[in-house]
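When we follow the working numbering, the leftmost residue of the sequence shown carries the number 35, and every step to the right adds one.
Cβ atoms here follow ideal geometry from the backbone N, Cα and C, with glycine treated the same way.
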Amino acid sequence: RTRPDVITITDWLAPIIWEGTYNRSTLEKHYKKLNVTIGLAVFATGKFVDQYLTQFIQSAERHFMIGYHTIFYIMVDNFTKLPYIEFGPLRTYHNFDQDFHLKNMMNLKMNILGYIQHEVNFLFTMAVNQIFKKDFGVETLGSSVAQIHAWWYFKSPRDFPYERRHKSAAFIPSGQGDFYYHGAIVGGIPREVLNVIKECQKGIIQDNTNDLKSLYESHLNKYFFVNKPTKLLSPEYNWDPKFRTPSQIKHVKIAWQSERKR
């Protein structure tokens, strides 16, 4: 009722988080008692290390889960390019050497199985070409968290760029679908994040076997079409500043940075 201008709950009764739809202080009391640890995994390979990693980490240090024990998992293909970042209290980080020639999902799956699932209660995986603008707090926590894509929120589902080829593992029939989700942010408990990675990876391998080229984001949307997320983040949590900001976007939490050309 505080945000009649937007959709705040899905057909399957999962909340969609907008500014004004949650009580931060009440949530803080709950999660402080639980003494949770939150992980943030980010990939940075090749030119993305130079272009985006420093500002991503610096902005995350200022705005991501302030006041909670947080572990940053920084996955790079060249340790020598890692920027020096002075982390504050309750912040720790791990570097993982990533083979540039392996798929990012395979590396993350291995790291979740080997380390991450034993260290954190909740985990977010994020694309590096983003900048935190305002607090990204415990209102975003849930067992399975999906990010609504800012480009498609104000469009009809019939216009969504779902995979429509029947032979693809990511196929979603015309006329069906809920939201179009952005692969830039995926979260939840480690087991659920691992399930997302496994299923998307399996779908991509299946399509490759059938000589079909398909996108990770298509398989992500198929996963959440079948396995409904328990919490959705509104476009405020990943807004593209190239677009005119509509009245529904009250506070941009994260700004999406389109890839820059050298």
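- In the DSSP assignment, the residues bridged to His128 are Tyr107.
- When rounded, the separation of the alpha-carbon atoms in Val70 and Phe194 is 36 Å.
- Counting only the Cα atoms, Thr44 lies some 45 Å from Thr114.
- Burial check for Gly80: the Cβ neighbour count within 10 Å stays below 16, so the residue is exposed.
- Setting aside the 5 residues that flank it on each side, Lys262 is surrounded in the same chain by Trp46, each with a C-beta closer than 6 Å to its C-beta; the list follows chain order.
- With a threshold of 16 other beta carbon atoms within 10 Å, Asn255 meets it and is buried.
- When the beta-carbon positions are compared, His97 and Asp169 come within less than 8 Å of each other.
- Less than 8 Å divides the Cβ of Cys234 from the Cβ of Tyr250.
- Cβ contact annotation for Pro280 (same chain, cutoff 8 Å, sequence separation greater than five): Phe188, in chain order.
- Within its own chain, the residues whose Cβ lies closer than 8 Å to the Cβ of Lys276, once the five positions on either side in sequence are excluded, are Ser292, listed in chain order.
- Short of 6 Å from the beta carbon of Ala204, and not among the five residues preceding or following it, lie these beta carbons of its own chain, in chain order: Glu197, Gly237, Ser248, Ser252, His253, Lys256.
- By the neighbour-count criterion, in which 16 or more other beta carbons inside 10 Å mark a residue as buried, His64 falls on the exposed side.
- The continuous stretches of alpha helix (DSSP H) do not include Tyr215, which lies in the beta strand (DSSP E) extending over residues 215-222.
- Here the C-alpha atom of Asn112 lies approximately 14 Å from the C-alpha atom of Thr88.
- Restricting attention to beta strand (DSSP E) runs no shorter than 3 residues, the region 51-89 encloses them at 71-78, ordered along the chain.
- The Cβ-Cβ distance between Trp273 and Ile283 falls below 8 Å.
- For Thr159, the pairing in a beta bridge is given by DSSP as Ala75, Val220.
- Between Ala184 and Glu270, the alpha-carbon positions lie close to 8 Å from each other.
- Per the DSSP secondary-structure output, Trp273 pairs in a beta bridge with Ala289.
- According to the DSSP assignment, Val260 belongs to the alpha helix (DSSP H) that extends over 250-260.
- If you ignore the 5 residues before and after Arg225, its C-beta comes within less than 8 Å of the C-beta of Gln151, all in its own chain and listed in chain order.
- The distance from the Cβ of Gln181 to that of Ile219 is about 4 Å, consistent with a contact at the 8 Å cut-off.
- The alpha-carbon separation between Phe106 and Lys265 amounts to approximately 22 Å.
- Ranking Val110, Leu68, Thr60 by CA distance to the CA of Val83 puts Val110 first.
- In the three-state reduction of the DSSP assignment, Glu120 falls in the coil class.
- Phe166: member of the beta strand (DSSP E) spanning 164-166, first to last residue.
- Here Ile146 has Pro224, Leu228 as same chain residues with Cβ atoms under 6 Å from its own Cβ, once five neighbours each way along the sequence are excluded.
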